[in-house]
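To keep things clear, I will list the structure first and then write my remarks on it.
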Amino acid sequence: MLQALQFDTDPIPDSVLRSMFAARKSVFVDLLKWDVAVIDGAYEVDQFDDPHARYLVLGDTDGRHLGSARLLPTLRPHILGDLYPQLCEASPPTGADIYEITRFCLDRRLRAAERRLVRDTLVTALAHFALTHGIRSYSAIADIAWLQQILAFGWRCRPLGLPVMQDGKMLGALRIEIDAQTPQLLAEAGIAAIPALRGEAARIAA
């Protein structure tokens with residue numbers, strides 16, 4: 002089950018939100034030790050989780066979280082522009098057709114092979130979501146290991162500046178260009194959605 006959600010347009014099931022925010026807490030706070038807000042000791046929610054954020058959420062047949070990503074419009078407050086502009090050699094990219102990918106989260110319960118399938122499904126869904134919604138490019142922040150993976154996915158992607166040591170981690174910013182060729186470029190690089198969700202990833206709409 003792959004869903005595209007937005008607070009102000011969709012009746013988002015509480016179970017979907019709880020599982021997504023709980024997974025974010027498990028990954029980003031418990032595992033990666035990020036110093037970010039936690040609600041009720043269980044849910045990682047920050048100031049950017051507002052009605053303007055969009056979410057791609059992948060769950061199993063029982064609705065349990067497998068993976069998710071948050072998209073922020075860059076004409077509004079967002080992480081790169083407001084918190085880490087120093088990662089960009091020039092000004093952070095902004096525009097009505099540019100969104101920021103944040104909180105890309107793979108559930109900790111997944112085995113290695115499952116993580117790869119869920120990761121690839123979310124990446125494929127991000128490309129199709131952009132094409133469906135007039136998004137021309139994405140920006141993102143990543144630590145150096147994840148940055149190298151993103152650059153190798155096959156899509157047209159470039160760093161926005163040299164990596165910088167921030168909060169004890171080497172972080173970099175990048176921009177991903179999306180066009181009609183992007184899904185094919187991803188497939189040629191071995192990035193493929195879970196077979197049962199390929200059509201759903203292509204049709205996903207908020």
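So the number in the numbering used here is just where the residue sits in the sequence shown, counting from 1, plus 1. Built from N, CA and C at the ideal position, the CB exists for glycine as well.
- By a beta-carbon distance limit of 8 Å, GLY68 does not contact ARG109. Their separation comes to about 11 Å.
- Contact between GLY173 and ALA143 holds, with the beta-carbon distance rounding to 6 Å and staying under 8 Å.
- Considering only TYR44, ILE195 and MET21, the residue with the shortest C-alpha distance to THR122 is ILE195.
- For ARG176, the closest C-alpha among the options ASP98, VAL37, ALA24 and ARG65 is that of ASP98.
- VAL124 has its alpha-carbon roughly 30 Å from the corresponding atom of ASP41.
- Excluding five sequence positions before and after CYS89, the CB atoms of its chain that fall closer than 8 Å to its own CB belong to LEU81, LEU161, GLY162 and ALA174, given in chain order.
- Each of ILE136, PHE130, SER16 and MET171 was checked against the Cα of TRP147, and the nearest Cα belongs to MET171.
- With contacts defined by Cβ atoms closer than 8 Å, HIS79 and PHE49 form a contacting pair.
- LYS170 is bridged by DSSP to GLN167.
- Less than 8 Å separates the beta-carbon of THR75 from that of THR95.
- With respect to the 8 Å criterion, LEU72 and TYR44 are not classified as neighbours on the basis of their beta carbons.
- The closest CA to that of ARG77, considering only ALA113, PRO52 and ALA188, is found on PRO52.
- In the DSSP assignment, SER16 is bridged to no other residue.
- Comparing C-alpha distances from LEU152 to each of LEU107, LEU32, PHE130 and ALA190 shows the shortest one belongs to ALA190.
- The straight-line gap separating the alpha-carbon atoms of LEU132 and ASP180 is approximately 7 Å.
- Annotation for ALA193: ASP121 place their beta carbon closer than 6 Å to its own, counting only its chain and skipping 5 residues before and after.
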